[in-house]
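Student: I am attaching a structure below and will ask some questions about it afterwards.
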Amino acid sequence: MSEKEESATAFSSATPAAATNRAALIAAGAGVGRRKEAVARVRLTPGTGRWIVNNKNLEVYFPNRVHQQAVSEPLRTVGAEGKYDVIARIDGGGISGQAGALRLGVARALNEIDADANRPALKKAKFLTRDARVIERKKYGLKKARKRSQYSKR
C-alpha cells in the first residue's frame, strides 16, 4: 500500500492515530438536543458527575431507570462518567422525548469539548444522529392518522 492510502484523509471515517493515543480534554461545553417536541439545552462543566435537570436531580426528574441509563450513555461511551457536572433545561414533549433530547444534547456537548477524541466513539454508537421520527398528522375523513372507520360491504 502506498503512504497516501494508509493515512486517514479529511473525509474518511477512520480514526487518526493521534486521537487514539491521547486522553480527552476535560473542559466546559454546551449542546442542544431535540427529539419529537422536546428541546434540551445542556451545559457540561468539569466536576463530580452531578446531574441537574430543570433544577431537579436526575433520579427525581427521570424516575424510570431506562431513561436514566439512556441519558448517561454518551458519557459512559467516551469514558467520562463522573468527570462532568451536567446542567440541563428541557422544554416540551413527554418523558421519553425529553430523555432522547437530553441524550443528544449531552453527546453534542461532548463532541464540542473534544471532537478528535470523542467523535468517533459517539458516531459509532449513533449518539450524534437526531432521531427525525415525529407524530404523523391526522388526515380528514379518518379517525386518526391511519385509522379508518369500519367498512361494511353490504
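Our numbering puts the first residue of the sequence shown at 13, with every later residue one more than the last.
Each residue gets a CB set at the ideal place from its N, CA and C atoms; glycine is no exception.
Quantities reported herein were computed from a predicted structural model and do not represent experimental measurements.
For T60, I'd like the list of residues in its chain whose CB is within less than 8 Å of its CB, leaving aside the five on either flank, ordered along the chain.
Tutor: Counting from 1 along the sequence shown, the entry for residue 60 is found at position 48. Here the set comprises G94 and D97.
Student: Just to check my reading of the structure: A113 and A50 have Cβ atoms closer than 8 Å, yes? What is that Cβ distance to the nearest angstrom?
Tutor: For this step, residue 113 is matched to residue 101 along the sequence shown. For this step, residue 50 is matched to residue 38 along the sequence shown. Rounded, the Cβ-Cβ distance is 4 Å, consistent with contact.
Student: Between which two residues does the beta strand (DSSP E) harbouring D103 extend?
Tutor: Translated into the one-based positions of the sequence shown, residue 103 becomes position 91. Element bounds for D103: Y96 to D103.
Student: Using CA atoms only, rank isn't needed, just tell me which of T89, I102, S164 and R149 is closest to L122.
Tutor: Taking the first residue of the sequence shown as position 1, residue 122 is located at position 110. The shortest Cα separation from L122 among T89, I102, S164 and R149 belongs to T89.
Student: With DSSP as the reference, please indicate the residues paired to V72 in a beta bridge.
Tutor: Here residue 72 refers to the residue found at position 60 of the sequence shown. In DSSP, V72 forms no bridge with anything.
Student: Is the segment 99 to 111 close to the segment 39 to 55, with three or more CB pairs under 8 Å?
Tutor: Yes, the segment 99 to 111 touches the segment 39 to 55.
Student: Within 10 angstroms of the Cβ of S161, are there 16 or more other Cβ atoms? Answer buried if so, exposed if not.
Tutor: If you number the sequence shown from 1, residue 161 lands on position 149. Its Cβ having fewer than 16 others within 10 Å, S161 is exposed.
Student: Can you tell me which of the three DSSP states G45 falls into?
Tutor: Locating residue 45 in the sequence shown gives position 33, counting from the first residue. Strand, per DSSP.
Student: Which residue from P132, E124 and I64 puts its Cα closest to that of A39?
Tutor: The residue labelled residue 39 in the question sits at position 27 within the sequence shown. Here the closest residue by C-alpha is E124.
Student: Name the DSSP beta bridge partners of R53, please?
Tutor: Working through the sequence shown from its first residue, we reach residue 53 at position 41. According to DSSP, which records beta bridges pairwise, R53 is partnered with V44 and R101.
Student: Determine the extent of the beta strand (DSSP E) in which K64 is found, giving its start and end residues.
Tutor: In the sequence shown, counting from the first residue as 1, residue 64 sits at position 52. The question names Lys, but residue 64 is Ile in the sequence shown. Run containing I64: W63 to V65, per the beta strand (DSSP E) assignment.
Student: Is the separation between the beta-carbon of R53 and that of R115 shorter than 8 Å?
Tutor: Here residue 53 refers to the residue found at position 41 of the sequence shown. Here residue 115 refers to the residue found at position 103 of the sequence shown. Not in contact: R53 and R115 (Cβ atoms no closer than 8 Å).
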